[in-house]
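J.: What follows is a single structure, and I will ask about it in a moment.
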């Protein structure tokens with residue numbers, strides 16, 4: 001018999017690199033290992049060789065060629081597939097990262113580069129005191145948006161050093177759990193609902209958080225906007241293809257930062273990815289409300305979402321003359337003053353916003369008496385040669401359908417036409433100044449979309465019919481508990497648009513120190529002179545001057561939600577069997593196929609009708625099956641198909657949330673719905 005030592009050794013050499021900051025100490029070590037050595041044993045062997053006394057608990061092996069972490073320390077090298085040619089780097093799992101928030105402020109903090117992005121975002125949000133982290137994600141700025149900036153900046157001077165909020169010593173950065181009092185749901189209000197600053201009774205909770213050492217207002221309060229020149233230099237999408245570039249850089253939530261090429265000190269954007277803002281409460285969510293408000297504000301200023309001139313001036317009034325002014329006054333307030341908190345809490349008790357896809361009320365619908373609407377409305381049908389046929393009919397809205405008759409007397413017979421609104425697109429067409437209250441309905445049919453246009457006589461009629469149409473499109477009737485709040489929301493938005501002209505407003509612009517160009521998109525800056533803009537913003541301000549700071553932000557968010565394009569993320573796709581590219585809009589409850597040239601919707605598919613979806617990872621094709629034997633398949637051209645797959649799964653996951661359950665997220669379910677099997 002020949003012994004193993006005579007025949008040949010089972011050991012082999014493995015070169016390891018240690019990422020440490022000690023000068024004069026070697027960084028490369030050659031160790032003799034065997035295939036049955038487990039990863040934890042390799043760590044121990046290496047640390048003994050390094051001979052530096054320090055805490056190595058945050059260190060792990062990063063496999064350079066495979067772009068993966070060796071985190072299962074009980075696995076052997078053979079099981080991991082590690083051989084002599086492997087380049088293993090022994091490095092820290094938590095590294096410094098620069099994160100740009102929706103308010104365009106940058107924070108620098110220590111983040112786990114080995115955890116899945118979903119978990120890393122959760123840790124970041126805990127540190128920033130943002131609840132419902134599942135609504136946010138990290139975004140890499142796409143090259144298309146950066147190139148345009150660079151071209152503009154070629155001849156300009158070097159920009160000033162950015163002011164960075166350094167949170168590197170916070171509890172979460174160090175891998176410790178965040179202060180539970182700040183994040184968990186509690187009966188004690190964490191924020192003053194008036195100013196958005198921490199409530200005095202909970203001030204001491206900030207004692208072991210780095211937020212207490214810095215200006216807390218940078219996260220919870222809005223700050224003066226940038227100059228018109230800076231705004232003009234920022235990337236502004238002009239077409240649907242440009243808008244698609246904005247959504248190309250979302251990171252994969254099921255992989256770590258390091259696996260996706262993110263390096264230490266890189267800058268990423270933290271943004272609200274999913275537009276279902278669940279359980280929004282001024283008492284706990286001052287930072288969250290402010291960051292949603294800021295994301296909405298910048299989307300409007302940079303024309304990432306379209307709005308009318310009338311709407312733009314409402315947004316300008318809310319942010320310019322209200323939020324900015326009140327934020328400045330809030331900074332000077334003593335945050336320990338509690339004299340008016342109780343009254344404001346009572347006034348804001350109805351402001352808890354539960355948006356689309358959020359909590360469904362437990363109040364049962366009254367199934368014995370489904371309400372109906374019946375009224376004279378004008379029906380406008382587009383005709384060829386740009387002519388429109390406008391005629392008044394007697395309309396009856398029952399369940400989720402609209403029927404119309406020649407007149408009220410003939411309503412007992414057969415209708416001229418019955419329109420089922422379930423799954424349709426509802427687009428407002430309103431100009432309050434011109435007394436125009438229109439509702440555009442795009443109803444799915446076999447060969448595309450059937451366009452129907454209704455015109456109401458006044459605000460009240462419009463609010464009732466618009467709310468009914470919105471609910472019907474989601475398959476809900478007017479008996480649903482959300483009908484009356486929807487009517488009130490529409491009326492309050494119309495009220496903001498209903499400006500009252502007065503001589504005071506006309507004389508004020510001369511005395512007001514305002515740069516209106518900072519509060520409207522560059523398109524309107526070119527269209528109007530500065531004095532004209534100031535006067536019109538002040539006119540719009542008449543109806544909102546009594547709002548508190550938090551209410552103004554919530555109204556802004558609500559108005560943003562009312563825009564037809566709200567919540568749509570665009571991607572350029574090629575549908576199976578099609579010879580041209582289309583745009584796919586992904587929303588919280590539907591997918592919309594949009595004509596790339598005209599921007600008109602072609603077809604809508606609701607998630608509620610979806611039976612299953614899957615991805616063919618070899619050809620990167622997404623396939624979806626719906627009810628009634630409808631199936632679609634497409635490849636994504638402007639981004640990885642994994643991003644759209646994650647969007648669909650993510651929205652379905654968010655629809656399962658409930659206030660009745662514990663706040664702990666079912667992370668396993670999220671990855672099951674969004675991870676995919678590549």
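Numbering (the UniProt record's numbering), first residue to last: 1 to 678.
We put the beta carbon where it would ideally sit given N, CA and C, even for glycine.
Please name the residue, chosen from 129, 378, 286, 125, that lies closest to residue 270 on a Cα-to-Cα basis.
T.: Closest option to residue 270, Cα to Cα, is 125.
J.: Short check: CB of residue 556 to CB of residue 277, under 8 Å?
T.: No, these two residues do not count as a Cβ contact at 8 Å.
J.: Is it true that the CB of residue 54 sits closer than 8 Å to the CB of residue 29?
T.: The answer is no: Cβ separation not under 8 Å.
J.: What's the gap between the Cα of residue 296 and the Cα of residue 282?
T.: Their backbone Cα atoms lie some 17 Å apart in a straight line.
J.: With a threshold of 8 Å, are at least 3 pairs of Cβ atoms found where one atom belongs to the region 129 to 138 and the other to the region 283 to 302?
T.: Verdict: yes, contact present.
J.: Going straight from the alpha carbon of residue 73 to that of residue 13, what length do you get?
T.: Distance between the alpha carbons of residue 73 and residue 13: 20 Å.
J.: Roughly how many angstroms separate the alpha carbons of residue 614 and residue 571, rounded to a whole number?
T.: Taking the straight line from one Cα to the other gives about 18 Å.
J.: Go through the region 252 to 296 residue by residue and report every complete run of the beta strand (DSSP E) that reaches 3 residues or more, in order.
T.: With a minimum length of 3 residues, the continuous beta strand (DSSP E) runs that stay inside the region 252 to 296 are 267 to 272.
J.: Distance check for residue 458 and residue 646, CA to CA, integer angstroms please.
T.: Those two C-alpha atoms are separated by around 42 Å.
J.: Going along the chain, which unbroken runs of the alpha helix (DSSP H) with 4 or more residues stay wholly within the region 53 to 140?
T.: List check, alpha helix (DSSP H) in window: 77 to 80, 117 to 128.
J.: At the level of alpha carbons, what is the spacing between residue 573 and residue 651?
T.: If I take the Cα positions, the gap works out to 20 Å.
J.: Strictly under 8 Å for the Cβ-Cβ distance: is residue 466 near chain D by that measure?
T.: Absent here is chain D; the protein component of the structure consists of one chain.
J.: Excluding the 5 residues flanking residue 117 on each side, which residues of the same chain have their C-beta closer than 8 Å to its C-beta?
T.: If we look at residue 117 and ignore the five residues flanking it on each side, its Cβ neighbours are 137, 138, 251, 252, 253, 254, 255, 256, 257, 260.
J.: Need the endpoints of the beta strand (DSSP E) that residue 530 sits in, please.
T.: Note, residue 530: premise wrong, no beta strand (DSSP E); alpha helix (DSSP H) at 530 to 541.
J.: Report the partner residues of residue 229 according to the DSSP bridge assignment.
T.: DSSP output for residue 229 lists no bridge partner at all.
J.: Taking C-beta to C-beta, are residue 308 and residue 444 nearer than 8 Å?
T.: No, they are not a contact pair.
J.: Rounded to a whole number of angstroms, what is the C-alpha to C-alpha distance between residue 424 and residue 497?
T.: Roughly 26 Å between the two C-alpha positions.
J.: When DSSP labels each residue in this structure, what does residue 166 get in the three-state scheme?
T.: In this structure, residue 166 counts as strand in the three-state DSSP scheme.
J.: Considering only the alpha carbon of each residue, which of 421, 402, 562 lies closest to residue 491?
T.: Of 421, 402, 562, the residue nearest in Cα terms is 562.
J.: Please go through the same chain and pick out, in chain order, the residues whose beta-carbon is closer than 6 Å to the beta-carbon of residue 643, but skip the five residues on each side of it.
T.: 250, listed in sequence order.
J.: By alpha-carbon positions, which one of 608, 471, 453, 518 ends up nearest to residue 298?
T.: Nearest option by C-alpha distance: 518.
J.: Excluding sequence positions up to five away, which residues of its chain have a Cβ less than 7 Å from the Cβ of residue 567?
T.: Cβ neighbours of residue 567 beyond the five flanking positions: 275, 587, 588.
J.: What first and last residue would you give for the beta strand (DSSP E) that runs through residue 403?
T.: Unbroken beta strand (DSSP E) run through residue 403: 401 to 405.
J.: Taking the alpha carbon of residue 688 as the reference point, which residue from 91, 267, 85, 473 has its own alpha carbon closest?
T.: Residue 688 is absent from the model: the chain starts at 1 and stops at 678.
J.: Taking 8 Å as the threshold (C-beta atoms), are residue 24 and residue 77 in contact?
T.: No; because the gap between Cβ atoms is not below 8 Å, this pair is not in contact.
J.: Hey, out of 577, 121, 390, 636, whose CA is closest to residue 245's CA?
T.: Nearest option by C-alpha distance: 636.
J.: Is the Cβ-Cβ distance between residue 272 and residue 516 less than 8 Å?
T.: Taking 8 Å as the Cβ cut-off, residue 272 and residue 516 do not qualify as a contacting pair.
J.: Under the three-state reduction of DSSP, which class applies to residue 38: helix, strand or coil?
T.: Of the three classes helix, strand and coil, the one that applies to residue 38 here is strand, per DSSP.
J.: How big is the Cα-Cα spacing for residue 94 and residue 110?
T.: Computed Cα separation, rounded: 6 Å.
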